[in-house]
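Those protein sequence lines, which keep their order, are chains B and E. First residue of the first sequence: 1, per this note's numbering; consecutive thereafter. First residue of the second sequence: 1001, per this note's numbering; consecutive thereafter. The beta carbon of each residue, even a glycine, is placed where N, CA and C say it ideally should be. All values derive from a computational prediction rather than experimental measurement. To start, the structure itself, in structure tokens.
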Amino acid sequence: MNLFQQIFAWLTDPEHWRTTLGIAGIPQRVGEHLQYTGLAVLVSALIAVPLGAWIGHTGRGGTVVVGLVNSLRALPELGLVILLVLALGITYAVPALTIALVVLGVPVLLAGTYAGIRNVDRSVVDAARGMGMTEWEILLKVELPNALPLMFGALRAASLQIIATVAIAAQISLGGLGRYVIDGFAFREFDQMAAGAILIAALAIVVELVLTGVQWLVISPGLRKARTTRVKSTQQRALEPASEST
Amino acid sequence: MIEFQSVTKRYPDGTVAVDALDLAIDDGKITVLVGPSGCGKTTSLRMVNRMVEPSEGAVLIDGEDVRAQSSSGLRRGIGYVIQNAGLFPHRTVLDNVATVPVLNGANKTEARTRAAELLEVVGLDPAFAKRYPAQLSGGQQQRVGVARALAADPPVLLMDEPFSAVDPVVRDELQAELLRLQAELGKTIVFVTHDIDEAIKLGDKVAVLRVGGRLAQYDTPSALLAGPVDDFVASFVGRDRGYRALTFLPATGVPVDPVASIALGTPAATARDRLTDGWAVVVDEQNRPLGWVSDTILSTVEAEIQAGHLASGGSLHVVDAEHAGNAGSLRNALDAALSSPSGVGIAVDASGAVVGGVKADAVVAALAQARSAGEVPT
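Shown next, in the form of structure tokens:
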């Protein structure tokens, strides 16, 4: 049996899909993985979206905050999570994991929100203000809806990075799909290790597809590129270079 | 009435954008602020709806300082149209137009019904209602921009270079449309442009500003062309201002002479006998002009005159035009004569049918007559 057949056999073994004798099956691991991912994405968004929107709208402190937060990207998550567990104690393993993942997610979402708002055509904002919208109305009714394509791009990027990184949860006894990778490596069971990696990749693809679907539903048809029939509007010209950079 | 009382705008770096501006803007008229870049025309406009706050002085609307109410409340009562329209890309055309009424708390369905009416008022097909701005041409977007500014029926409309980003043909259409709308609605319109031709075409009164934000001259377009106060205004209103001043003189004194006309499809031999001074206008079945034929052209035609044989005509002189910009003016008559290959300008009635021809020397004679009668402003 070659490695690919072994991996296939491992993945199709019904034993691995059941939780028996306290040994977690694949569905439970997927559930754990999604739970940590969801929590981290949610907390990241709660921090990054209001902050990015505020910086983007006022234009104040943009370079400082974005630069500062971008430097967080250089932190190694595995090191950070172990440091946090040592500092907080193993009972706070979930908060420690979440903090480490949020440090990963916030820069991406913050940059996406900030860039999305800044890229809204200034003449559109000027018109909104000139028509008598209050600053809140400008932010909520004009800037955020038009920033959504970039913000969703950032949300997808952050979710993917977090799903990939949640594998480190297993290092601090929290399970998740990383369990298979770590156990497989420890016991030299490469079929298990590869199967774990495949499951993480598959989960990432499914989440990406779901978010793409949500994005299609949430974003105004007026902002979809494919539907425009004439020369690209200034709006889209403004968005394109930025979407490549995120 | 909108009134600027010694309004100055000075920026923190010391730049003076507007310098002690005094200006009274008439109700129900189009007032154009015009001048070169850096003359403070846009800044002045934006002080009316508090997009810019004056450093000194005050802007009054109907005797009340614009700072007496909240800026957003003030702005909802003033229409605002900018270059490139600034439509909301995420909203349909209909919802763009309904924006201000909805902000004012109007029922959404009613606001949309009113918005649909407004699209027709500005000359847009109702089919555009469900489209998004990115699916519209620049000219169409600007029509939506005007409809959006009119939605809450504000008495005052501020227009900041609204037509400068569209091509000349569309610009002419939009200008004519604005004049037509204004004839119906009678809004107080403050219009900013750097294009003196646009200013003269649209303005009931024109304020020429010079760099540094000082008012150079404030007058009617005809007075501005006839009597610029100084060299700056004279050079700004342009070298051919004598010609453009003809726009304001009606062509009633210009005789319309009979002109030889030939139906399309007439045999060349028949046509040759009917030329006057070697030329004749070729017309369609409704007597509308298609072009000219001359001796020389007919000598190359063997059978009947076809569209391909014609020398293209010049501009048309609309005799009894009740609407529309420059039609029926001396400028219009002279241009028709000058641009015609035969030297005779074709005069048409409102339906576009040929009624005769006008000659350049007749226009000049009519001008001399008007001058001696004291009708030409000096």
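Residues of chain E whose Cβ lies closer than 7 Å to the Cβ of B/Arg129 are, in chain order, Met1051. The beta-bridge partner set that DSSP reports for B/Ile82 is empty. By the rule that beta-carbons nearer than 8 Å mark a contact, E/Pro1267 does not touch chain B.
The beta carbons of B/Val85 and B/Ile172 sit closer together than 8 Å.
Shortest Cα-Cα distance from E/Ala1129 to any of E/Arg1112, E/Asp1022 and E/Asp1013 involves E/Arg1112.
Separation of B/Gln192 and B/Gly52 (C-alpha to C-alpha, rounded to the nearest whole angstrom) is 41 Å. Interface flag for E/Ala1024 against chain B is unset, since no Cβ pair is found closer than 8 Å.
For the 8 Å CB-CB criterion, E/Met1051 and E/Val1007 do not form a contact. When the beta-carbon positions are compared, E/Leu1310 and E/Gly1328 stay at least 8 Å from each other. Burial check for E/Asp1167: the Cβ neighbour count within 10 Å stays below 16, so the residue is exposed.
Among the residues of chain E, none has a CB under 7 Å from the CB of B/Met151; the nearest is roughly 13 Å distant. In the structure shown, E/Phe1128 falls within a helical segment according to DSSP collapsed to helix, strand and coil. Counted as a single uninterrupted DSSP element, the stretch harbouring E/Glu1053 is not any beta strand (DSSP E), since DSSP gives it neither H nor E.
Taking a C-beta cut-off of 7 Å against chain E, the contacting residues of the segment 105-135 of chain B are Ser123, Val124, Asp126, Ala127, Arg129, Gly130, Met131, Gly132, Met133 and Thr134, listed in chain order. Using a CB distance below 7 Å, the part of the segment 1098-1117 of chain E facing chain B consists of Thr1099, Val1100 and Leu1103, ordered along the chain.
In terms of Cβ geometry, E/Val1283 and E/Val1293 do not form a close pair [threshold 8 Å].
Unbroken alpha helix (DSSP H) runs of no fewer than 4 residues, entirely contained in the segment 149-236 of chain B, are found at 178-186 and 190-218, following chain order. Between E/Ser1340 and the set E/Gly1352, E/Pro1012, E/Ala1366 and E/Pro1289, the nearest pair of CA atoms involves E/Pro1289. In its chain, beyond the 5 residues on either side, Asp1257, Ala1337, Gly1343, Val1344 and Gly1345 have a beta carbon closer than 8 Å to the beta carbon of E/Lys1359. Listed in chain order, the alpha helix (DSSP H) elements of length 4 or more contained wholly in the segment 1007-1092 of chain E are 1041-1048 and 1071-1076. At a C-beta separation below 7 Å, B/Pro145 has these neighbours in chain E: His1090. The straight-line gap separating the alpha-carbon atoms of B/Gly213 and E/Gly1035 is approximately 52 Å. Proximity of E/Ile1082 to chain B, defined by a Cβ-Cβ separation below 8 Å, is satisfied. The beta strand (DSSP E) runs of length 3 or more contained entirely in the segment 1131-1193 of chain E are, from start to end of the chain, 1156-1160 and 1188-1193. Across the structure, E/Ala1350 and E/Ala1333 are spaced so that their CA atoms are roughly 15 Å apart. Legend: CB atoms of the segment 155-172 of chain B lying less than 9 Å from CB atoms of chain E are not found in any residue. In this structure E/Ala1116 touches E/Pro1126 by the C-beta definition: roughly 6 Å separates them, less than 8 Å. Assigned with DSSP and collapsed to three states, E/Val1301 falls in coil, not helix or strand. Closer than 9 Å at the C-beta level to chain E, one finds these residues of the segment 206-223 of chain B: Ile219, Ser220, Pro221, Gly222 and Leu223. Looking from the CA of E/Ala1149, the closest CA among E/Thr1220, E/Leu1074, E/Val1081 and E/Gly1139 belongs to E/Val1081. For E/Ser1072, a Cβ of chain B is located within less than 8 Å of the residue's own Cβ. The three-state secondary structure of E/Arg1214, taken from DSSP, is strand.
Counting only the Cα atoms, B/Leu199 lies some 11 Å from B/Ala167.
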